[in-house]
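*Asks:* This is the structure I want to talk about, given as structure tokens.
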Amino acid sequence: MKKIITSILAHEVSAALRPVASAPGWGGQTGLRVIIIFTPGGGVPRPDRCDRTKGRRRRGGPPQCLGRVRRHGDPPPAGGGGAADRRPRRGRGNREGTGPTGPSRRNGIGGRPVTSVPARGPAPAPLRGHRPGDFVLAAPGRTLLARDPVGEVVLRPGEPEGDLRERLAEGTAAGAPRPAVAVGALPFDPGAPARLVVPRTVVSMPRSADPPPPPGPPFEVRCRHEEPSAREYARGVARAVDRISRTGLRKVVLARALDLSLDRPVDPGWLLRRLAGQNPRGYAFAVEVPGADRRTTLVGASPELLVARRGRAVRCHPLAGSAARDADPDVDRRRARSLAGSEKDRREHAFVVAAIADALRPLCTALDVPARPSLTATATMWHLGTRITGELADPEVSSLALARAVHPTPAVCGTPTEAARQAVAELEPFDRGHYAGAVGWCDAEGDGEWAVALRCAEVSDREVRLFAGAGIVADSDPRAELAETAAKFRTVLAALGVEPHPTEPPTE
Ligand SMILES: C=C(O[C@@H]1C=C(C(=O)O)C=C[C@H]1O)C(=O)O
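Okay, so the sequence shown: first residue is 3 according to the working numbering, each after it adds one.
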């Protein structure tokens, strides 16, 4: 039955898309080879301990559970994906585009619609319809859901878009909608291979303004483990500051991971909807990433656009320079004002803007780079942001090639890039995986949108690994940078309904 519905949907989706023809130069390659469909790992239950740091993802010693077992029974929201949350709503059209009037064909913020959905009949609502293995990217204007991979795009260092065109052409032949689209996540390490998938079912709709689903019963945190610990992180910041004073390194972004072992599995679709509802103006995403031995989904709510391309129009919205928000509006306003006037944060921000402008300039006939950043707010953070726009010289340069040309920006790595990558490798005790990489899509016309993979967590069953980093410059204060990472953890913690842990004060 499921198969029949999927193929009807795929058929209707392709029919709806037929008018959106591929641009010349895309697809139609010869000598093609279909690469095997992406198959995520199975769902082996995890033991009740923080074992996320085991094996290949950890660079340091053996995993330890350092956190105490906590229970959160008190008012703050918590919970996770109870059956009631997952039940589809009936009888009132879906608020993500299919209503009595059918889907909107307006272009989204990230470019033209990749596809459309049938005016009648069932279509998965991109946010509420998330199923294990689905790719979802909710951009500020549109939400895209992709499932049923029919091919895989393999990206290796030095190949701006790998075998993208061939695989998309094959995808179309295998029933993917036109223009076919590749979706997925790029790892932080640009030297690591990346894999995207070409899905047969693609749904793109205006983003719903749904409130977050109810929290459900509170999670019990059985184990909490920080990697590195707060103290070690602060020490790493001090070492980075020292390195900046002695070498050509100007900025490095140092991150921490927070492992939670919960009393029951987290439904990534539920977490995605919580994050999207709590952060309606940013990106929310769920994407399968390779896990050690079980299905792992990277779920997050990023405020940062790495790059979007629609036709020749290119947009970036880099962020750097941060302050935690406060529940008291006066304090909150003061923090925003102080961030906007902070010399240190402006310098930290300027590195990012300069690097992106340098990467884009050779590819663009026009580039608009505002001289001053402006403030951007999420539910938990204030940031300095700069909206860069450009006009591509060559429309053959795809959104994927652009993403790979600008990544890793100094917002997530540092500057100069090589020295910063080296410092990250030496000072961070864990593998970032796809955190601080990018999540997005690129279609056969080259259009697409890539968000920086931030404010996110790897979810596998009842184990959740959160990530947060901060940009370190010459005058960084270890305590302030530690506090910044703690504040950034709050995006996912709030969505889970798990209370933040009071950050240990560093000793030095
Ligand atoms: C590295 C992160 O965020 C990045 C670093 C920022 C900063 O240093 O001020 C701000 C936004 C992001 O570009 C993160 O959220 O983990």
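Ideal Cβ placement from N, Cα and C applies to all residues, glycine included.
Distance check for I358 and V183, CA to CA, integer angstroms please.
*Replies:* 25 Å
*Asks:* Can the beta-carbon of W443 be found closer than 8 Å to that of L146?
*Replies:* yes
*Asks:* Which word fits T1, buried or exposed, when buried means at least 16 other C-beta atoms lie within 10 angstroms of its C-beta?
*Replies:* Not covered by the structure: residue 1. The range shown for the chain is 3 to 510.
*Asks:* Could you check whether T493 and G471 sit closer than 8 Å to each other, using their CB atoms as the reference points?
*Replies:* no
*Asks:* Does DSSP classify H227 as helix, strand or coil?
*Replies:* Assignment of H227 by DSSP, reduced to helix, strand and coil, places it in the strand class.
*Asks:* By alpha-carbon positions, which one of S400, V355, G323 and G135 ends up nearest to D477?
*Replies:* G323
*Asks:* Could you tell me the boundaries of the beta strand (DSSP E) in which S304 lies?
*Replies:* Unbroken beta strand (DSSP E) run through S304: T298 to S304.
*Asks:* Run the CB neighbour count on F491, radius 10 Å, all protein chains shown included, and call it buried at 16 or more, exposed below.
*Replies:* buried
*Asks:* Could you check whether the Cβ of S206 sits closer than 7 Å to any heavy atom belonging to ligand 1?
*Replies:* no
*Asks:* Could you please give me the residues that DSSP links to D261 through a beta bridge?
*Replies:* H227 and R467
*Asks:* Are at least three pairs of beta-carbons, each pair with one atom in the region 207-224 and one in the region 311-325, less than 8 Å apart?
*Replies:* no
*Asks:* What does DSSP give as the partner residues of H409 in its beta bridges?
*Replies:* Answer by DSSP bridge pairing: none, since H409 is not bridged.
*Asks:* Would you please state the rounded distance, in angstroms, between the beta carbons of P208 and G143? I believe it to be under 8 Å.
*Replies:* The beta carbons of P208 and G143 sit about 7 Å from each other, so the pair counts as a contact at 8 Å.
*Asks:* For Q66, does the count of other Cβ atoms within 10 angstroms reach 16, so buried, or fall short, so exposed?
*Replies:* Here the model assigns Q66 a pLDDT of 34, short of 50, so the residue's position is not dependable, and the following value carries that caveat. Counting Cβ neighbours within 10 Å, Q66 comes out exposed, since fewer than 16 surround it.
*Asks:* Taking only the alpha-carbon atoms, compute the straight-line gap between P418 and A175 and give it to the nearest angstrom.
*Replies:* 43 Å
*Asks:* Just tell me which of R374, A310, E393 and E163 has its CA closest to the CA of D347.
*Replies:* R374
*Asks:* Using only CA atoms, which one of A422, G450 and G293 lies nearest to E460?
*Replies:* G293
*Asks:* Can you check DSSP and say which residues form a bridge with R317?
*Replies:* A310 and T391
*Asks:* Look at the alpha carbon of D165 and the alpha carbon of N281, and state the distance between them as a whole number of angstroms.
*Replies:* 34 Å
*Asks:* When the distance is taken between beta carbons, is R133 closer than 8 Å to R149?
*Replies:* Taking 8 Å as the cut-off, the Cβ atoms of R149 and R133 count as close.
*Asks:* Is it true that the CB of T298 sits closer than 8 Å to the CB of V309?
*Replies:* no
*Asks:* Compute the Euclidean distance between the alpha carbons of S376 and R283, then round it to the nearest angstrom.
*Replies:* 16 Å
*Asks:* Since L484 and Y235 are thought to touch, with beta carbons under 8 Å apart, how far apart are those beta carbons, to the nearest angstrom?
*Replies:* 6 Å
*Asks:* Considering only the beta carbon of each residue, do P162 and A407 sit closer than 8 Å?
*Replies:* Between P162 and A407, the gap from beta carbon to beta carbon is short of 8 Å.
*Asks:* Report the option in E447, T391 and A425 whose CA atom is closest to the CA atom of C366.
*Replies:* T391
*Asks:* Among P410, D433, P502 and P431, which residue has its Cα nearest to the Cα of A422?
*Replies:* P410
*Asks:* Buried or exposed: which applies to D332, given that a residue is buried once 16 or more other Cβ atoms fall within 10 Å of its Cβ?
*Replies:* Sixteen is the threshold: since fewer than 16 other Cβ atoms of the shown chains lie within 10 Å of the Cβ of D332, the residue is exposed.
*Asks:* With V354 and P412 assumed to form a contact (beta carbons below 8 Å), what rounded beta-carbon distance in angstroms separates them?
*Replies:* 5 Å
*Asks:* Flag this pair as yes or no: are the beta carbons of V199 and P126 separated by less than 8 Å?
*Replies:* no
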